[in-house]
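Working notes, beginning with the structure itself.
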Amino acid sequence: NSSYQLSSVPLQILIYVNGIYYIFYFLVTLAMIVYKSQVFSYPDDFLAPDLVLLFIMAILEVLRLHWGSKGNLTEEEAPLGLSLVITVGSVILSVYFLVWQTYVLKADVIINAVLLFTYGLESVLKVMAIAAFVS
Amino acid sequence: LSPVAKLCVCDLLVAQCDVNCCCDPDCSAEDFSLFTTCSVPIVTGDSRLCSQKAALYSLDVEANPPERIFKLIDQVNPSVFCIHATNYKEALSFRSPEMPTSENFDQLLERFGSAAFSAEPDSWGENRDALNPSDANETYRYEYGVPIQTEDGFLRLPSPVISSWCSDANPAGFLVNQATKCTRSVSVEKCGSVQAVSMLFYTNSSILAVNITIQSIVLQSLNGTQTSLGDSDVLRLPTALGELCINIVLGVSYHITYTDTGEITAAAVSFVLGAMNKAALSIQQSFEISFTQMNTKPVPLSGNPGYVVGLPVRAGFLPHGYPFLVENFLAALVLNTNKYNQLTILQSTSNQDCLAAQGPRTPVLFGYNMVSGCKLRITAAMKCQPLSQTLLDLLKGQSFPEYVASFGNSQAQDVLDWVPITHLRISEQRICNTFQSSCQIPVSLEIEVKWTKYGSLVNPQARIVNVTATITTTTLEQLPSGRERTIPVTSSVVFTDVSAPAEPGYKAWPTINVKLPFDFFFPFV
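Protein sequences appear in the order of chains A and B.
If you use full-length UniProt numbering, the first sequence corresponds to residues 1 to 135, in order.
If you use full-length UniProt numbering, the second sequence corresponds to residues 1 to 525, in order.
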């Protein structure tokens, strides 16, 4: 039995870095929403959807990273596939925060762009890992 | 051209060049050469945006002649928190309000029709309670000044507007006592058709939930004599009787009874009906409305609690036969509500004849010193005693009160709040009068009212402490027959302020409060 390791090390590193980055992203976005609500006119009708979507995104991110990491380490395609599907949702939410938020500041643009880049790179690595596991 | 280039806040004069306004489109190059500086150097949008257009205006003073430089640049906000985009329309500019059309009118009325509304669009139900109409089944509660509602509009008290002609549009306000007089043009031919002179007009509008009852009817004849009618249930409508038109309304007096929660419980109306003849083209009507709280007697206050300058001094009598026992506090003073029976003095007439001045008297108003008088012609035939009695009646009036209220709102039950009137008699002694006639006639009445300031220094209330009525008498000399004399008779009211002057008050001397701690002499105690 060749102890051929199929788990992708770059993917694992990226998942780990993604986790840390996401914590930073979540705190910064929350702080900026608070800042915007104080400095600009931010009525409740617009503030509530933004906050709710941010928390949904955090929950999705936790699930996504957990299954991605689990799938990669146990070399199973199913969790990895699920993680990929959740990534689609996370990408949509990130695009929301990039384009459709009530107030999009330059800092929002920067951190969301970095997040989207990370998602893209991760998705590519996951597809490669699934291909490696399946075959 | 972007809106930034078209905006110019210093362009105030239309079609003329504003001085030192570099963005003014009405200025020509020659005008620019005369400017010293640009009052508005830059016009930008919201500076929090990451990138925005800006119009720069400056004067190039080096050139000859000086010329204006206009530049349109992109201004960049270097901060990382600059606004890149917004998806909220009202974020950076004021929203122009919606134009009401027939489709959105109801919705706009619901949002903006109440006394307050939120500036944010569609706020989460904060003001929804304020928009709910109050329950229609609630009993009607009035506040001071609110027009009294009837079935078809408001209770109206005709009053003169600008000229003395009656206008029927004056609403009667709750708790606002009014008395108005106005002229109405009526002729005998049309006396049946003019609504405003018929009793029906004033009784058929029922105040919501309360019917207007007729309290009394007084008939006034053409020469002014009034008779009160016994049956006041019959409606008397104006009818033409030969050359006269009778039963036309000359005076209406509403009496509304209310409770202390602001509901109207009863409404009564009193009429003065009169007649007019063919020659008259107009009549004068007088209207009055007064409000009484339920279960209280209507007594007009002259102040609350201190007297108000200009209001009548309240006075009354103790009913005769009432023993003034200490435990008999039910000895209420009988108060005369008709102000002409209160403390009054003689009213001067135009012909200054004492014997003709026996009719109307002036009420004594608090704070107003008054003097009045008349001249009495004495003939030899006049007898002393009846003359003295006549003059006394003239000076004091028919019912001179015995007590005066010390406060403007003294109640009749509180006997201690009333000041008795002290009577003095002074006789004017003539020097060298050897033949002392025993006939003294009163020639002057002076009422002196002493009042003091009572209560707090910030809002002192006037309180009457003493009332003295001094009658000065003089001897009536016998006149040779055929001769007559004229003597002046005067009466006056004087108000004197006897407030105690302020005394200086000093703080107590500071004391040195020294006490040794209880264990000062520790080892020994």
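Ideal Cβ positions, reconstructed from N, Cα and C, are used throughout, including at glycine.
Practice task
Below 8 angstroms on the Cβ atoms is my guess for B/S205 versus B/D260; work out the distance and round it to an integer in Å.
Solution key: Position 205 of the second sequence, counted from the first residue, corresponds to residue 205 of chain B. Position 260 of the second sequence, counted from the first residue, corresponds to residue 260 of chain B. The C-beta separation of B/S205 from B/D260 comes to about 25 angstroms, leaving the pair out of contact by the 8 angstroms criterion.
Exercise for the section: In angstroms with no decimal places, state the Cα-to-Cα distance between A/W100 and B/A55. Expected result: As a working note, residue 100 of chain A is residue 100 in the first sequence. As a working note, residue 55 of chain B is residue 55 in the second sequence. C-alpha separation (whole angstroms): 30 angstroms.
Problem - Within chain A, partners of B/E90 - CB distance below 8 angstroms - result: One-based indexing of the second sequence puts residue 90 of chain B at position 90. Going along chain A in sequence order, the residues near B/E90 (Cβ under 8 angstroms) are S41.
Handout entry: Own chain residues within Cβ distance below 6 angstroms of B/H84, not counting five before or after
Key = Residue 84 of chain B sits at position 84 when you count from the first residue of the second sequence. C50, listed in sequence order.
Practice task
Taking only beta-carbon positions, decide if A/V104 is within less than 7 angstroms of chain C.
Solution key: Structure shown: chain C not included; protein chains present are A and B.
Practice task
Compare the C-beta of B/T86 with all C-beta atoms of chain A and state if any pair is closer than 7 angstroms.
Solution key: Position 86 of the second sequence holds residue 86 of chain B. Yes, contact with chain A.
Problem - Distance, B/L273 Cα to B/I217 Cα - result: For the purposes of this step, residue 217 of chain B is taken as the residue at position 217 of the second sequence. For the purposes of this step, residue 273 of chain B is taken as the residue at position 273 of the second sequence. A straight line joining the alpha-carbon of B/I217 with that of B/L273 spans about 7 angstroms.
Exercise for the section: Classify A/P10 as helix, strand or coil using the three-state DSSP reduction. Expected result: Counting from 1 along the first sequence, the entry for residue 10 of chain A is found at position 10. Three-state DSSP puts A/P10 in a helix.
Handout entry: Secondary structure, alpha helix (DSSP H): runs of 4+ residues fully inside the stretch 33-117 of chain A
Key = Within the stretch 33-117 of chain A, the complete alpha helix (DSSP H) runs of at least 4 residues are 44-74, 77-95.
Practice task
Can you pull the chain A residues whose beta carbon is under 9 angstroms from the beta carbon of B/I69, in chain order?
Solution key: Position 69 of the second sequence, counted from the first residue, corresponds to residue 69 of chain B. Simply none; closest approach about 31 angstroms.
Practice task
Find the residues of chain B that neighbour A/V109, judging by a C-beta separation of less than 7 angstroms, and give them in chain order.
Solution key: As a position in the first sequence, residue 109 of chain A is number 109, starting the count at 1. The contact set of A/V109 on chain B, defined by CB atoms closer than 7 angstroms, consists of H84 in chain order.
Practice task
Within 10 angstroms of the Cβ of B/W451, are there 16 or more other Cβ atoms? Answer buried if so, exposed if not.
Solution key: Counting from 1 along the second sequence, the entry for residue 451 of chain B is found at position 451. Looking at its Cβ environment, which holds 16 or more other Cβ atoms inside 10 Å, B/W451 is buried.
Practice task
Return the Cβ separation of B/V493 and B/M370 in integer angstroms, given the expectation that the two are a contact with Cβ distance under 8 angstroms.
Solution key: On the second sequence, position 493 is the one that residue 493 of chain B refers to. On the second sequence, position 370 is the one that residue 370 of chain B refers to. About 5 angstroms separates the two Cβ atoms, so the contact holds.
Problem - Any C-beta of chain B under 7 angstroms from that of A/F46 - result: Within the first sequence, numbered from 1, the residue matching residue 46 of chain A stands at position 46. It does; some Cβ of chain B falls within 7 angstroms.
Practice task
Please list the partners that A/Q101 has in chain B, where partner means a Cβ-to-Cβ separation under 8 angstroms.
Solution key: Within the first sequence, residue 101 of chain A is the residue found at index 101, counting from 1. Residues of chain B passing the Cβ test: N87.
Practice task
Compute the Euclidean distance between the alpha carbons of B/G408 and B/Q178, then round it to the nearest angstrom.
Solution key: Stepping through the second sequence from its first residue, residue 408 of chain B is reached at position 408. Stepping through the second sequence from its first residue, residue 178 of chain B is reached at position 178. If you take the alpha carbons of B/G408 and B/Q178, they lie about 21 angstroms apart.
Exercise for the section: Determine the DSSP secondary structure at B/E62, reduced to helix, strand or coil. Expected result: Taking the first residue of the second sequence as position 1, residue 62 of chain B is located at position 62. In the structure shown, B/E62 sits in coil (DSSP, three-state: anything other than H, G, I, E or B).
Exercise for the section: Give a yes or no on whether 7 angstroms exceeds the smallest Cβ distance from B/V76 to chain A. Expected result: Residue numbering aside, residue 76 of chain B sits at position 76 when the second sequence is read from its first letter. No, no contact with chain A.
Practice task
Check whether the Cβ atoms of B/C22 and B/Y57 sit closer than 7 angstroms, and answer yes or no.
Solution key: If you number the second sequence from 1, residue 22 of chain B lands on position 22. If you number the second sequence from 1, residue 57 of chain B lands on position 57. Taking 7 angstroms as the Cβ cut-off, B/C22 and B/Y57 qualify as a contacting pair.
Practice task
Identify the contact partners of B/T81 in chain A, using a Cβ-Cβ distance below 8 angstroms as the criterion.
Solution key: Here the question's residue 81 of chain B lines up with position 81 in the second sequence. The question names Thr, yet the displayed sequence has Phe at residue 81 of chain B. What B/F81 touches in chain A: M32, Y35, L105, K106, A107.
Practice task
Flag this pair as yes or no: are the beta carbons of B/L387 and B/V489 separated by less than 7 angstroms?
Solution key: On the second sequence, residue 387 of chain B is found 387 positions in, with the first residue counted as 1. On the second sequence, residue 489 of chain B is found 489 positions in, with the first residue counted as 1. Taking 7 angstroms as the cut-off, the beta carbon of B/L387 is found no closer than this to the beta carbon of B/V489.
Handout entry: Residues of the stretch 25-53 of chain B with Cβ closer than 7 angstroms to any Cβ of chain A, in chain order
Key = Within the stretch 25-53 of chain B, those residues whose Cβ lies closer than 7 angstroms to any Cβ of chain A are, in chain order, C50.
Practice task
Keeping to the same chain, check which residues put their C-beta closer than 8 angstroms to that of B/L479; ignore five residues upstream and five downstream.
Solution key: On the second sequence, residue 479 of chain B is found 479 positions in, with the first residue counted as 1. Take B/L479, set aside five residues on each side of it, and the residues of its chain with a beta-carbon closer than 8 angstroms to its own are I378, T379, A380, R485, in chain order.
Problem - Distance between B/S167 and B/M276 (C-alpha atoms, nearest Å) - result: Taking the second sequence and counting its residues from 1, the one referred to as residue 276 of chain B is at position 276. Taking the second sequence and counting its residues from 1, the one referred to as residue 167 of chain B is at position 167. Rounded to the nearest whole angstrom, the CA to CA distance from B/M276 to B/S167 is 21 angstroms.
Problem - Cβ-based neighbour list, B/P420, same chain, cut-off 7 angstroms, excluding 5 preceding and 5 following - result: Reading the second sequence from its first residue, position 420 is the one you call residue 420 of chain B. Excluding residues up to 5 positions away in sequence, E402, Y403 lie with their Cβ nearer than 7 angstroms to the Cβ of B/P420 in the same chain.
Problem - Assigned secondary structure, B/G45 (DSSP; H/G/I helix, E/B strand, else coil) - result: Translated into the one-based positions of the second sequence, residue 45 of chain B becomes position 45. The answer is coil: DSSP assigns B/G45 none of H, G, I, E or B.
Handout entry: Cutoff 8 angstroms; reference A/L60; Cβ partners in own chain excluding five residues on either side
Key = Counting from one through the first sequence, the residue named residue 60 of chain A turns up at place 60. Only residues of its own chain outside the window of five on either side were considered, and among them I86, G89, S90, L93 have a CB closer than 8 angstroms to the CB of A/L60, listed in chain order.
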